[in-house]
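What follows is a single structure, written as C-alpha cells, with notes after it.
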Amino acid sequence: MTYAISGECCSDASCVAVCPMNSIHPSPGEPGFGTGASLFIDPRTCIDCGACAGICPVNAAQPADQAAPEDVERNAAYFADREPLEATDLDTWEAPSYQVWGGGPRRVLVVGAGPAGMYATRELLLRTTAEVTLVDRLEQVGGLVRYGVAPDHPGTKQIIETFERITRHQRVRWLPGGDARELRGADGQLPDGFDAVIHAVGARGSRRLVIDGEDAACSAEEFVAWYNGRPGATLPVELAGPRAVIVGNGNVALDVARILLSDEKRLRAMDVSPGVRSVLAASGIKEVVLLGRRGPGEAAYTEPALRELFAAAGDRVELRYHARPAAWTADGLKLESGETIAAGNLFTAIGFEGTPIDGLPFDRDRGIVPNVRGAVVGRPGHYVAGWIKRGARGGIGVNKACAQETVMTLVSSSRVPASPGS
Ligand SMILES: Cc1cc2nc3c(=O)[nH]c(=O)nc-3n(C[C@H](O)[C@H](O)[C@H](O)COP(=O)(O)OP(=O)(O)OC[C@H]3O[C@@H](n4cnc5c(N)ncnc54)[C@H](O)[C@@H]3O)c2cc1C
C-alpha cells in the first residue's frame, strides 16, 4: 500500500521535508510548486511509512486504500511520464534548493546508522565538503528500520537500500560493528581527528510498568528484536497463551499483536527466519487483549495501523481502555480495579527511552541528551539527532527534518575556521 494526497492539500510542504524517499512533488523550487495545485505522492517510490500523514496539517495525505479512487489516480497520473527520483542521488537530488556552505566541519563522526544517523550523513554530504566517519555497533545499517519495523511491512524496510547506498559514497568511511567508545574522547572531549560528533544512537531502553511480576513479561523491544533477527536477540518467554495481554496503545503494541496472531498464510509471506516462523506458528497464543491506561481518544496508535490489525485478526483482539495493571501473577494480569484478566503471557509496549552516553549530560525524565536544536548543552562540538535528541516518538521520516536541523546547527556553529587549510 502507498499513500496519496487529496485535493484538500494546502501545499505547505511539511510532508516534503519528512518524506524519507523524496516521493512528494512538486517540492519547493520545482516547477508547479506554489501554483495552488496539490502536491502528489509517487506510488512507485512511496514506502508506506506514513510520515506525510503524520505531519500534514489538513489531513490530506491518506493510505491509498482509504483515499478516494480519483485522488489515487491523480497522484499516479502526475508521475506517469516522469522518471522516479533517486532518493540518494546526491549529485542531483534537490540540487536547485541545495547550496554547499563554505567553511564548516572537515571531519565529522556520526555514531549510529539508523535513520537519524543516515539522514545526518546525507545532509552533511549535500551541505558540506566534510569527510564523514559513520560507525554502528551492529554490522548493518538501518537501526530500528531493520530490527524494529515489522516483517510484514517490507515496503517500509526498502529504505534500507537507500541507506546502504549512502555508506558507499566516496566521502563516507563506514565502520560496521564498531565500538564508538573507542573513538570517543574522554570527558566529553572530541575524539582525536574530528571537528564534530553527531550522536544518533536511538533509544533502546524500554519503559517499565513497575508492577510485581514484571520480570516475567516480554518487552516489545525484546520481542521485535527477536522476530526481526537482531544479532544476539532471543525470545525470553514461551508463547504459552491461549491469551496474551499487551499493555500499550501505540503502533508498536499493534505490531506485536498482529505478529502474534498471524496465521500460517501471513507467516509464510513474512521476511522472518525459519526458526522465528516455526515458533510463531506453534504459538499457543490465540487471542490478545490490548490494554490502555487512558481512553480510545488518547490512544497513540494510528487509524491505518488499527485497521490493519483488525483486517488480520480482528475477531481475536479485545481493546480495553482505562485499565491500570497492578501485578502479573500465575493467573494473569491483576488490575488496580481488582479484576484479573486470565492470560498466559504479558507483553509491555509502553515506550522506549534513551540511555546515557558517556561524557554527555542526560535528562532522565525525558530520556534524551539535553540539546538546543541538536547542539548538546555544555559540550561544544557534540550534537544529537533522532530519538536520542527528541525522545522515542515519530516515524522514520521525522528523523529527516530532525537531522537536517542538527546539521544546520552544526554548520552554523562550526568551530572550524572558514578557509580550508587554515
Ligand atoms: C518496534 C518499532 C516499529 C517501528 N515501525 C515503524 C514503521 O513501521 N514506520 C515508521 O515510519 N517508523 C517506525 N518506527 C519508528 C522508527 O523506527 C524510528 O523513528 C527510527 O528508527 C529512529 O531513528 P534513530 O536513528 O533515532 O534510532 P535507531 O533506529 O534506533 O538507530 C540507532 C542506531 O544507533 C546504533 N547505536 C546505538 N548505540 C551505539 C553505540 N554506542 N555505538 C555505535 N552505534 C550505536 C544502533 O545500533 C542503531 O543502529 C518503529 C519503531 C519501533 C521501535
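According to my numbering, the stretch in the sequence shown is residues 410 to 831, in order. Glycine included, C-beta positions come from ideal geometry on N, C-alpha and C.
Determine which residues share a DSSP beta bridge with residue i and list them.
i: ILE414; result: ALA470
i: TYR792; result: ILE607, ALA784
i: GLY614; result: GLU762
From the DSSP output, in three-state form, read off residue i for me.
i: LEU728; result: strand
i: PRO408; result: Since the first residue of the chain shown is 410 and the last is 831, residue 408 is not available in this structure.
i: PRO627; result: The residue asked about is misnamed: residue 627 is Cys in this sequence, not Pro. Note: CYS627 maps to strand in three-state DSSP.
i: GLU673; result: helix
i: PRO683; result: helix
i: GLY526; result: helix
i: ASN637; result: coil
i: VAL459; result: Reading the sequence as shown, one finds Gly at residue 459 and not Val. In this structure, GLY459 counts as coil in the three-state DSSP scheme.
i: ALA653; result: strand
i: VAL807; result: helix
Among the options, whose alpha-carbon lies nearest the alpha-carbon of residue i?
i: TYR710; options: GLY803, PRO435, PHE442, THR815; result: GLY803
i: THR749; options: VAL698, TYR792, ASP474; result: VAL698
i: GLU696; options: GLY638, ALA485, ALA735, LEU755; result: LEU755
i: ALA460; options: VAL427, SER436, PHE488; result: VAL427
i: VAL558; options: GLY638, ASN468, THR538; result: GLY638
i: ILE456; options: SER436, PRO437, ASN431; result: ASN431
i: LYS674; options: CYS627, CYS458, ALA722, THR815; result: ALA722
i: THR411; options: SER436, GLU482, CYS418, VAL467; result: GLU482
i: ASN484; options: GLY513, CYS458, THR454, PRO466; result: THR454
i: SER821; options: VAL656, GLY513, ALA422; result: GLY513
Near residue i, which residues of its chain fall below 6 Å by C-beta distance, leaving aside the five closest residues on each side in sequence?
i: ASP480; result: ALA413, SER415
i: TYR730; result: GLY701, GLY704, PRO705
i: VAL606; result: LEU518, HIS791
By Cβ distance, which residues of its chain are closer than 8 Å to residue i, with the 5 residues on each side in sequence left out?
i: SER420; result: PHE442, GLY443, GLY445, ALA446, SER447, LEU448
i: GLY586; result: ASP545, ARG546, LEU547, GLU548
Measuring straight from C-alpha to C-alpha, what distance separates residue i and residue j?
i: THR643; j: HIS434; result: 43 Å
i: PRO452; j: CYS424; result: 15 Å
i: MET527; j: GLY650; result: 40 Å
i: LEU700; j: GLY763; result: 24 Å
i: VAL685; j: LEU648; result: 12 Å
i: GLU717; j: TYR636; result: 19 Å
i: SER615; j: ARG788; result: 27 Å
i: ALA812; j: SER746; result: 44 Å
i: HIS791; j: ASP724; result: 50 Å
i: ASP772; j: ILE694; result: 38 Å
i: MET646; j: ASP601; result: Before going on, a small fix: residue 646 reads as Val here, not Met. Between VAL646 and ASP601, the C-alpha separation is close to 44 Å.
i: THR576; j: TRP583; result: 6 Å
i: PRO472; j: ASP680; result: 23 Å
Might you give, ordered along the chain, the residues of its own chain that have their beta carbon closer than 7 Å to the beta carbon of residue i, omitting 5 neighbours on each side?
i: VAL786; result: PRO770, PRO779, ASN780
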